[in-house]
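One structure below.
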Amino acid sequence: MNVFRLTGDLSHLAAIIILLLKIWKTRSCAGISGKSQILFALVFTTRYLDLLTSFISLYNTSMKVIYIGCSYATVYLIYMKFRATYDGNHDSFRVEFLVVPVGGLAVLINHDFSPLEILWTFSIYLESVAILPQLFMISKTGEAETITTHYLFCLGLYRALYLFNWIWRYYFEGFFDMIAIVAGVVQTVLYCD
Amino acid sequence: AEGELLHDEL
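Here the protein sequences come in this chain order: P and E.
For the first sequence, our numbering begins at 1241 and goes up steadily by one.
For the second sequence, our numbering begins at 5 and goes up steadily by one.
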């Protein structure tokens, strides 16, 4: 654990909670892409299946459970509790155009051809593009609310901090995960937009 | 498990 990774994780957590609180407090999910949130729930679910197979640390386990829980809570608020405020007409990105190629890529390029590892790879690739429905929605409606901008900023910051984390880990631990790094760079570039 | 990759990041 280094300072970049910790602040990256906390920034990620802040983004998730900012979005959840915004929807809860305003009783509205206007301007939020439900499709992006479903993709993030899918990302966390497929990535954290190792909760069932390996224990890394209490921190690691708790954060995973919190991320999964919050992402499902967000999806629930958008599609169930406050679905009357969900702007489905503007959330028209075709997610199959992301999920299918990303699934194919995960099968082709991975560290190990095993179910858990392919799902982990799938989640890494999917996370890098999961925000596209949200960006697409903003481009259609023309304007993002301030709080949505804060959410996007925290998510982008999280990825940028993880890049510094990987540079740190490469120098001090010799750690190098090509799949995570390439996907992380793609993701960071998308958020710069 | 043995031979399994361990992903320690979130």
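Backbone N, C-alpha and C define an ideal beta-carbon position, used for all residues, glycine too.
Asked                                                                                                                                                                                                           : Found
Closer than 7 Å, Cβ to Cβ, to anything on chain E: give me those residues from the segment 1320-1354 of chain P, in chain order.                                                                                : His1351 and Asp1352
Would you be able to state if there are at least three C-beta pairs under 8 Å between the segment 1285-1301 of chain P and the segment 1388-1408 of chain P?                                                    : no
With a cut-off of 8 Å, do at least 3 Cβ pairs link the segment 1357-1375 of chain P to the segment 1339-1349 of chain P?                                                                                        : yes
Contact criterion: CB-CB distance below 8 Å. Does tyrosine 1312 (chain P) meet it with respect to chain E?                                                                                                      : no
Contact between the segment 1409-1421 of chain P and the segment 1294-1308 of chain P is defined here as three or more beta-carbon pairs at a separation below 8 Å; is this criterion met?                      : no
Hey, is glutamate 1383 (chain P)'s beta-carbon within less than 8 Å of any beta-carbon in chain E?                                                                                                              : no
Report the CB separation of lysine 1262 (chain P) from proline 1373 (chain P) in whole angstroms; it is logged as a contact under 8 Å.                                                                          : About 17 Å separates the two Cβ atoms, so there is no contact after all.
Confirm, please, whether the CB-CB distance from aspartate 1327 (chain P) to alanine 1435 (chain P) is below 8 Å.                                                                                               : Residue coverage of chain P in this structure runs from 1241 to 1433, which leaves residue 1435 (chain P) outside it and unanswerable.
Looking at isoleucine 1258 (chain P) and aspartate 1390 (chain P), is the spacing between their C-beta atoms short of 8 Å?                                                                                      : The sequence given here places histidine at residue 1390 (chain P); aspartate does not occur at that position. In this structure, isoleucine 1258 (chain P) lies closer than 8 Å to histidine 1390 (chain P) by Cβ.
Could you check what DSSP says for threonine 1370 (chain P) in three-state terms: helix, strand or coil?                                                                                                        : It should be pointed out that residue 1370 (chain P) corresponds to alanine in this sequence rather than to threonine. Alanine 1370 (chain P): coil per DSSP, three-state reduction.
8 Å is my cut-off, CB to CB: does tyrosine 1316 (chain P) come that close to chain E?                                                                                                                           : no
Specify, as a first and last residue, the run of the alpha helix (DSSP H) that threonine 1386 (chain P) falls within.                                                                                           : 1386-1413
Specify the secondary structure class of tyrosine 1288 (chain P) as computed by DSSP and reduced to three states.                                                                                               : helix
For alanine 1384 (chain P), which residues in the same chain have their Cβ closer than 7 Å to its Cβ, ignoring the five residues on either side in sequence?                                                    : Gly1271 and Ile1378
Determine the direct distance from the alpha carbon of tyrosine 1288 (chain P) to that of glutamate 1357 (chain P), and round the result to whole angstroms.                                                    : 11 Å
State the CB to CB distance for the pair histidine 1330 (chain P) and lysine 1265 (chain P), rounded to an integer number of angstroms; the pair is presumed to be in contact (CB under 8 Å).                   : The Cβ separation is near 22 Å, so there is no contact.
Quick check: phenylalanine 1284 (chain P) and phenylalanine 1333 (chain P), are their CB atoms within less than 8 Å of each other?                                                                              : no
Let's see if you can read the secondary structure: which residues bound the alpha helix (DSSP H) around asparagine 1300 (chain P)?                                                                              : 1298-1316
Could you tell me which uninterrupted beta strand (DSSP E) segments, each at least 3 residues in length, are contained entirely in the segment 1322-1358 of chain P, listed from first to last along the chain? : none
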